[in-house]
Structures are given as C-alpha cells and as structure tokens.
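Visitor:
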Amino acid sequence: MTSLHTLPNPTRSTRIHEHAWVADSRHPTSEGVVVYVRCAECGTHRVDLETHPQRPATPLSAEIVR
Ligand SMILES: [Zn+2]
0 MTSLHTLPNP TRSTRIHEHA WVADSRHPTS EGVVVYVRCA ECGTHRVDLE
50 THPQRPATPL SAEIVR
C-alpha cells in the first residue's frame, strides 16, 4: 500500500520573489538619508542610503532574513 506523506512546504524565506520594500524609518545624515526598509512579504530587512532623491537608493547592508 502506498502511504500518504505530506510534502514539505517551502518556507516563506526560501521562496524566491521580488521583495516588496517598505520604509520602516528614515534618518537624514550628512551622507544622505539612511532608510531602514523591510519586505512586506517575507519580513527581510535591509538598510539603504539615499544620496539623491532622484536616484535609486544604495543598499548599505546585506539583506537580513528573519
Ligand atoms: Zn521578500
């Protein structure tokens, strides 16, 4: 007889998706605006630096997976 096994579900953190970054907090510094961002989908954190409002932010930290 075949027995039914439940397949392991991929966890949220291992699923590949485009992170949906939302800014948690912003801190103006002499270098630019340091923005703490969090992915609304998986909760991954990252720290960005906005040097110019018209340019994309530069990631200061690696992505920190919860
Ligand atoms: Zn994500």
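Numbering follows numbering that gives the first Met the number 0, in which position 9 of the sequence shown is assigned residue number 8; successive positions increment by one, without gaps. For every residue, glycine included, the Cβ atom is placed at its ideal position computed from N, Cα and C. For clarity, every value in this text was computed on a predicted model and none was experimentally measured.
Sorted by chain position, which residues of the same chain lie with C-beta nearer than 7 Å to residue 49's C-beta, five sequence neighbours on each side aside?
Guide: Within the sequence shown, the letter at position 50 stands for residue 49. So the list reads 31, 32, 34, 56, once near-sequence residues are dropped.
Visitor: So, for residue 46: in the same chain, excluding its five sequence neighbours on each side, which residues have a beta-carbon less than 8 Å away from its beta-carbon?
Guide: As a first step, residue 46 is located in the sequence shown; it is residue number 47 there, counting from the start. Counting only Cβ-Cβ distances below 8 Å, and skipping sequence neighbours, we find 33, 34, 35, 36, 58, 59, 60.
Visitor: For residue 43, count the other beta carbons within 10 Å of its own beta carbon; 16 or more makes it buried, fewer makes it exposed. Which is it?
Guide: Counting from one through the sequence shown, the residue named residue 43 turns up at place 44. Answer is buried; the Cβ neighbour count reaches 16.
Visitor: Residue 57: beta carbon under 7 Å from a heavy atom of ligand 1?
Guide: In the sequence shown, residue 57 corresponds to position 58, counting from 1. No, the beta carbon of residue 57 sits no closer than 7 Å to any heavy atom of ligand 1.
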